[in-house]
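Going by the UniProt record's numbering, the sequence shown opens with residue 1, and the numbers climb by one from there.
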Amino acid sequence: MEQQQQHWLSGARDAYSTGDFVQSWKLAQTAVTSFPDCAEAWLLVGAAAYQLGDAAGCVAACDRAIMLDPNLAEAYGNMGIALQATGRIDLAVVYYQSALRLAPRFTDAYNNLAGALASRGDVSGALRCYAAALEVDPKLVHVHSNMGDLWRTQGPAGSAAAAHCYSSALALQPSYAPAWRGLGDLAREGGNNAHAVECYREALRLQPGNADALCGLGAAWRALGRWAEAESALTAAASARPHCALTMAALAGVLSDSGKLDAAIVAFGEALRRDPVLIEAYNNLGNALAGVGRLQEAATAYATCIQLQCARSATAAAAAAASANATNASLMMGGNSSAAASLANPLTLNGATLLAAANQSGGAPGAGPTVADGNNMAAAAMGMAAGGYSPVETHRLTVAYNNLGSLLKMQGQMVAAISCFEAVVALLPHSPEAAANLASMYKDMGRHDAAIPIYRRALALRPDFPEAFAHLVHSMMSVCDWTDHDAIFVRLEAETRRELAMGRLPPVQPFHAMAYPFSADLALAISKAYASHCLASAARLGVPRLPHPPPLPPHQQPGGRLRICYVSSDFGNHPLSHLMGNVFCMHNRDRVEVFCYALSPNDGSQWRQRIEAGTEHFIDASSWGTGEIAARISADGINVAINLNGYTRGARNEVFALLPAPVQVSYMGFPATTGAPFLPWLVNDAVVAPPECRHCYSESLALMPHCYFVNDYKQTHPELLEEAPLAEEEEDSTSSRQHKVQPYGGAADGNGAATPPPPGVAPSPTSHLPGVSANGGDKHLPMLQHPTLVQGQMAPAPPPPTTRASLGLPEDCVVYSCSNQGHTWPCWAKCEACRALWLCCIVTVWSILFLKCFIKSVCRATLGPAGLSVRPAGRCGCAALSQCGQLFLKCFIKSVCRATLGPAGLSAQPARRCGCAALPQHGRSSLLRSMRSISRSTLGPAGLSVRPAGCCGCVALPRCGCCIAAALLHCRRPRCT
């Protein structure tokens, strides 16, 4: 009977030593069935169960062995290993210590106790245990190697000691693969990935199936940008560890880096199937989903990452991390024999950088939180920010919040995005990068007043922060804050040139560089740097070379037509669509086939609807990945691809970097050079790009004969091209509606000026007046409502007069300025009035043509029996002129028709009420003042000579065509026309 027992036990030991754990468990189970009081048999049952993944079975078997033989030290040691695997570290330490009390020279117990203490953060205690084991036996190779692993986890401070431990292990046993793996890890973490590859290869030569070495090799190849080799190594590691979620997540990360986003999404899903609470995998899955345009799924993945991290307590997280990173452990069998089992060293996944994605669709794998929970999660993060998270948890949360915030920003959910960036600031209150990201969020919302102090705080935390300084300068210029103007631009130029010299992306964006006092060579260098960044981003996508249609004449192309495509994120309520709305449908369809690829979703605007309806092929690619868009352009056989974005918001220049078409052109959206070799053509004209400025462009210029700038007024505002209806019959038909314009609703004096209402009397609101719609019909415009005054409150006084002298402007010329963006204002306008309100003498870009055509038309006026007859000299061309401005023009001309010539000059009385229902108070005041100014005009052989009577004072005059009146008031010489 005893001989049979020994036979089963011997067979179980032999099967275990050869790795046949199933056979070992069967033989040991047979032994305990026949001999239930055999402690050694129960010890073998537990060891085999642990290797088969049954830690609970191991605990039960070891407990039975200890009950049968309380002095069996190996049973205590194995119990400690099983308890450590289930996360019960403190209890495992107790069992290890019990084993050492029974066997003070039990080296495996010292080794495993060191691992448990290290997982609890007791590094000094762990080192003492390793030293005690080596004191018993200095030739324990695996203890030297494990001690090296512990030193390596201490960062650069422990690198030398770790290298000494690995070298000691290899001096004892040169063929010990884990020591070569450790040297590889040490080299990779030190940045020497080439040497790390050599070490890992040696480890794999000695032990081909070493999963740790395969994971390390994959990480090293990944750091070197060798995606194919990294994928091969990690695929082998995943095969060696079929149940390891971390290895599968590492493989998914490499697939994502190499541009195989669809495969990466599948791999991340598999990793999360293996471990549904693998936090880093959710964040990186979000990155991959965002890369293919599945942004709603990406947002859900980020939110799940945040929710899981917020729900996990710091203590539980530390215990789980310790368990996952536990170093080598040994399982003991009878007779003090041991086998070192090297546990998996998980590959740390890098956190993702901020996204610049686009929009929409889906649902993430598993049940996760929605983006609507973002504010609650942000509040939870801010509530625990004060010491509630470990550094690892803080890093995970900040990465996920940054990614989610960037995604929400791109989807237009600005308030939720701000909550995410505020959570990052709460988690990292002393991080200049966190403060700068939050400030940039406010800046992109146009909240420069909120952004500026946060940028200043970021710069206080990190004075040498070029990106934050560049954004601060832009915000200051946007609100016309020219404090230390010259000094800040000297610094900004120096920092920009320094970043360029270091091969980094400059902090100033090309779109802003156009308006800054930078030299042409610097602006070109900035654009080239951004073009290089686009090329690098496109290369990472791994898209193969795209085919082009054959270089044949248009009539020989497939379908017999030239195929042209326009790519833009501005097909909607955007100036580009206002200007080009009908261009896309006006091509000759007998010769040209037009495609439009929209990079933004449908905003429901009339401009988007008109472009969609009028374009032969309109493709909404807003939810597509960059590679998909480029592949579609190539598949559609496009001959000429036109980039309408350039370096503006919503651009996808990486699409053009993939060269989907043989001819690629930049046009309209970005008026300066792109510096991009993938956009070799720029449509321009000889006025904007004269011959002496050709060196400022990297492109070949396709010069239009007159003006490159498209204006869609013929289609959108056809009434502007009509002769002004000046017939006396029309005037008579409207006589019942004729009123003088009265700014405050009071009676007009004899000169046409309005009398302010008495104190305490509220002004009467402007009545609805007929306007002119775009299709020629009448419609009612929104009514201007004056604020109601409280009894006894004084009515607001008119704005004080502003003179040219008070603004430092010349008296004998008209001043033109583009007031669309504050940062484009000239730095000489450094006065309070300029910063507070638009100047009355500044004419916006949309009013320049209005001004020129109006003055020309007045010069052709004729004096007849009925008074002054005004016939426009030419077509105005004010395509972007607002409805308010159109009414002003028509009514102003009509009013002049009732003018009379007296001894004092031309006396103008309005023929009818203006009809500018939406015209603000200051605009109506300017109309009256301009009428009065004409009374000092004189009529000469060349036509009407206008000499202003006084200053308009319309400081708050808005950006509509009405500011023509203010300009006329300051035009003191006829030559200014």
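Just so it is clear, CB atoms sit at the ideal spot from N, CA and C, and this is done for glycine as well.
Being a predicted model, the structure only gives us computed values, none of them experimental.
Alpha-carbon to alpha-carbon, residue j and residue i
| i | j | result |
| --- | --- | --- |
| H485 | A163 | 55 Å |
| H548 | A635 | 8 Å |
| P554 | V683 | 20 Å |
| N437 | L546 | 36 Å |
| G572 | R591 | 27 Å |
| A805 | V814 | 14 Å |
| C62 | L72 | 10 Å |
| A523 | F670 | 13 Å |
| V399 | G269 | 20 Å |
| P558 | A539 | 30 Å |
| Q5 | D54 | 24 Å |
Expected contact under 8 Å - CB spacing of residue i and residue j to nearest Å
| i | j | result |
| --- | --- | --- |
| V143 | R105 | The Cβ separation is near 13 Å, so there is no contact. |
| A196 | A203 | Their Cβ separation, rounded to whole angstroms, is 11 Å, which puts A196 and A203 out of contact at 8 Å. |
| Y282 | C310 | No, Y282 and C310 are not in contact; Cβ-Cβ is about 13 Å, not under 8 Å. |
| V59 | L83 | 7 Å |
| A48 | S24 | 4 Å |
| N643 | V567 | 6 Å |
| L404 | A299 | 6 Å |
| G77 | Y96 | 7 Å |
| G190 | Y166 | Not really, about 13 Å apart at Cβ, beyond 8 Å. |
Cut-off 7 Å between Cβ atoms - residues of its own chain near residue i, not counting five sequence neighbours on either side
| i | result |
| --- | --- |
| E495 | P466, F469 and P507 |
| L500 | P506, A525 and A529 |
| H243 | R274 |
| I279 | C305, L308, Q309 and R396 |
| I488 | V473 |
| G155 | none |
Own chain, CB closer than 8 Å to residue i, minus 5 neighbours either side, in chain order
| i | result |
| --- | --- |
| K139 | L172 |
| D712 | H578, L579, M580, G581, N582, V583 and A879 |
| A661 | H548, C565, I633, S634, I638, N639, V640 and A641 |
| R188 | A196, G216, A219, A220 and A223 |
For residue i, three-class secondary structure by DSSP
| i | result |
| --- | --- |
| E616 | coil |
| S519 | coil |
| E593 | strand |
| I642 | strand |
| Y566 | strand |
| Q309 | helix |
| V665 | strand |
| M445 | coil |
| N573 | coil |
| A689 | coil |
| L703 | strand |
| L9 | helix |
| L404 | helix |
| V292 | coil |
| W180 | helix |
| L682 | strand |
| A99 | helix |
| A598 | strand |
Beta carbon of residue i nearer than 8 Å to that of residue j
| i | j | result |
| --- | --- | --- |
| L27 | W42 | no |
| A75 | A65 | yes |
| G627 | V710 | no |
| L234 | V266 | no |
| Y455 | H471 | yes |
| A169 | A177 | no |
| F21 | L68 | no |
| A250 | G218 | yes |
| L100 | Y110 | yes |
Other residues of its chain near residue i: CB distance less than 6 Å, five sequence neighbours each side excluded
| i | result |
| --- | --- |
| R632 | none |
| D620 | A598 |
| L889 | Residue confidence is low: L889 scores 46 on pLDDT, short of 50, so the model does not pin down where it sits. No coordinate-derived value is stated. |
| L113 | Y96 and C129 |
| S767 | Confidence is the limiting factor: at S767 the pLDDT is only 30, short of 50, which leaves the residue's position unreliable and the question unanswerable from this model. |
| H617 | F595 |
| G125 | L117 |
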